[in-house]
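K.L.:
Numbering (the UniProt record's numbering), first residue to last: 1 to 252.
(1) Could you pull out every residue in the same chain whose Cβ sits closer than 6 Å to the Cβ of residue 145, ignoring the five residues on either side in sequence?
(2) Which value, in whole angstroms, describes the spacing of the CA atoms of residue 52 and residue 223?
(3) For residue 232, count the other beta carbons within 10 Å of its own beta carbon; 16 or more makes it buried, fewer makes it exposed. Which is it?
(4) Rounded to a whole number of angstroms, what is the C-alpha to C-alpha distance between residue 10 and residue 45?
(5) Report the three-state DSSP secondary structure of residue 260 (helix, strand or coil).
(6) Since residue 33 contacts residue 151 with CB under 8 Å, what's their CB separation in whole angstroms?
(7) Along the alpha helix (DSSP H) that carries residue 85, what are the first and last residues, could you check?
(8) What residue from 136, 15 and 75 has the CA that sits closest to residue 107's CA?
(9) Residue range of the alpha helix (DSSP H) that residue 40 falls in?
(10) Evaluate the contact criterion for the region 72-88 versus the region 172-189: three or more CB pairs, one atom per stretch, below 8 Å.
(11) Can you tell which of 62, 91, 69 and 29 has its C-alpha closest to the C-alpha of residue 48?
(12) Helix, strand or coil, according to DSSP, for residue 182 in the structure here?
(13) Kindly indicate which residue of 105, 125 and 184 has the alpha-carbon position closest to the one of residue 204.
(14) Using only alpha-carbon positions, find the residue among 81, 36 and 213 that is nearest to residue 159.
(15) Check whether the region 125-134 and the region 12-19 are in contact - that is, three or more C-beta pairs closer than 8 Å.
(16) Does DSSP classify residue 167 as helix, strand or coil?
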């Protein structure tokens with residue numbers, strides 16, 4: 001079992017190396033990229049919006065409750081900005097990209113695999129990584145970036161409504177305090193997180209989809225594994241990136 005797990009990890013990292021090498025050394029399939037970006041957006045935008053509103057509001061509401069207890073409710077804007085920009089935006093984006101977008105990619109490639117379409121491409125001399133994988137991975141990164149921006153805006157607007165209308169914060173102070181603890185470097189780090197999360201989700205989905213076996217049942221198992229493994233990679237990456245960013249920012 002341990003040997004099989006190590007072998008799987010080795011195969012995955014070999015696959016990742018091939019993807020990056022192909023990404024920078026071969027012709028980019030722009031039409032396939034646009035098609036996949038639109039596809040991932042259609043399956044991810046609605047869920048991201050529905051998840052972002054309650055998730056952001058609940059976190060901001062809890063932060064504001066603590067600020068009210070210490071008489072600092074006018075700092076609600078700073079608390080909302082830290083919560084949404086640094087963590088909630090990338091996390092919600094990746095949950096949706098991994099849960100909706102990556103599973104759709106895996107199901108698509110897995111279906112092609114069991115129908116022997118991938119083998120047919122290889123027989124015709126077409127590299128599946130260049131033709132299918134690279135556009136999907138790049139599209140996953142782009143959609144992750146876009147969703148992170150959308151979730152950030154939705155979270156801050158929702159935080160304004162709850163903080164000002166329901167919890168008594170001052171509108172002007174809420175807006176002015178948005179940049180008290182968070183600036184452009186924080187947003188750029190948030191976007192970098194979202195891009196890396198999208199990259200990891202896309203790589204995981206493509207690897208498992210291309211290695212699906214056992215007919216329709218195998219495709220279903222690959223889709224389930226995509227969710228689990230993508231979440232594991234994403235939360236591990238989030239911990240590392242957050243720690244590094246805070247160390248760099250505090251060191252500066």
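Quick reminder that beta carbons are idealized off the backbone N, C-alpha and C, glycines included.
P.N.:
Reading it off the structure:
(1) 191, 194 and 195
(2) 24 Å
(3) exposed
(4) 34 Å
(5) Residue coverage of the chain in this structure runs from 1 to 252, which leaves residue 260 outside it and unanswerable.
(6) Not quite, the Cβ-Cβ distance comes to about 23 Å (not below 8 Å), so this is no contact.
(7) Taken as a continuous stretch (DSSP letters only), residue 85 belongs to no alpha helix (DSSP H), as it is neither H nor E.
(8) 136
(9) 30-69
(10) yes
(11) 91
(12) coil
(13) 105
(14) 81
(15) yes
(16) coil
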